[in-house]
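Taking it in order: structure first as structure tokens, then the write-up.
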């Protein structure tokens, strides 16, 4: 007789829980990330537990809000708040009313096909009392990049002027447009400065491919950078590019509109100034079902396993405990699925 070995696997399902201060109402959610598919958004589904005796004829409402904070909370004095709260949708839960989806815009995936168009830009600069122009051409290897993917920029400089290029800068810039307060600002999320091939003297040319990888982990000391979560999270990414349906502009949206561009600067000295060009591109998550998405899921799964091993070393659950409740601890989309 051969001995038989039986293995029992217990799958821990993480559920997010939030309770009111008086303990009368408790909300449970299975996940906190919801996908925006442009034509529809994943509905928010969960469980609300409330005592019938506590209701006693009251109505219970659920609403989805977004909070835009433009100042520190500790600086709020005398009732002055440095934040704005916008109600995206509202629904009556008890007694049940007409069913409507609570659908906030949170995540957007890249199209299944990234297209064949190569973004490019060609600019020229003339100088006073000088003949000829300085030409700069920048071409990217693709239009849509995934988080953590390397960006390749082909830079071609043709100097037909009488000025010399002393150095050049290549940067990945994140552009944020806050439509609620009509504000715009930009932040560098990856950059390099080089003097390779410089000075580019009159009548000469320069060609080189530069590589940059914009990561949230490389910008922990910078302020004002938009992320898709909290900076303290291990798997946090830069905020994805905002996709708009055809026929709509960023001014039609309510929230924060994110876009990216690769910027190249040529420095021609104090009198010559700079020649600058921007090439826009998209930074997104891979669409479900693609090879890139499977790779991203595998990386996140390995991180999740490492984190679960660390948590299990600190807490040993009972044999029958197969549900772990977390009070608003962040859970990535891959773990929820």
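Residue numbers (UniProt numbering): 1 to 337. Ideal Cβ positions, reconstructed from N, Cα and C, are used throughout, including at glycine.
Spatial neighbours of residue i within its chain, please: CB distance less than 8 Å, with the 5 preceding and 5 following residues excluded, ordered by chain position.
i           : result
residue 155 : 136, 137, 138, 168, 170, 206, 207, 208, 209, 210 and 264
Distance check for residue j and residue i, CA to CA, integer angstroms please.
i           : j           : result
residue 18  : residue 121 : 50 Å
residue 158 : residue 45  : 58 Å
residue 259 : residue 184 : 11 Å
residue 174 : residue 20  : 38 Å
residue 25  : residue 75  : 31 Å
residue 94  : residue 176 : 39 Å
residue 200 : residue 163 : 9 Å
residue 189 : residue 214 : 6 Å
residue 267 : residue 280 : 21 Å
residue 30  : residue 15  : 5 Å
residue 228 : residue 247 : 26 Å
Under 6 Å Cβ to Cβ from residue i, same chain only, skipping five residues before and after it: list those, please.
i           : result
residue 192 : 170
residue 63  : 87 and 90
residue 225 : 187 and 219
residue 278 : 261 and 263
residue 147 : 237
Short check: CB of residue i to CB of residue j, under 8 Å?
i           : j           : result
residue 198 : residue 150 : no
residue 82  : residue 90  : no
residue 142 : residue 275 : no
residue 241 : residue 282 : yes
Kindly say whether residue i, judged by its beta-carbon, lies nearer than 8 Å to any beta-carbon of chain B.
i          : result
residue 53 : You won't find chain B in this structure, because it holds only one protein chain.
With H, G and I counted as helix, E and B as strand and the rest as coil, what does DSSP make of residue i?
i           : result
residue 74  : helix
residue 178 : strand
residue 127 : coil
residue 118 : coil
Excluding five sequence neighbours on each side, which residues of the same chain lie with their C-beta closer than 7 Å to the C-beta of residue i?
i           : result
residue 161 : 127, 130, 132, 133, 134 and 202
residue 22  : none
residue 38  : 243 and 245
| query | Can you list the beta strand (DSSP E) stretches of 3 or more residues lying completely in the UniProt domain "Arrestin C-terminal-like" (130-288), in chain order? | reply | 133-140, 144-146, 151-159, 167-178, 183-194, 205-212, 256-267 and 274-284
| task | Counting only runs of 3+ residues fully inside the stretch 19-102, write out the beta strand (DSSP E) ranges in chain order. | result | 25-29, 46-50, 60-69 and 83-94
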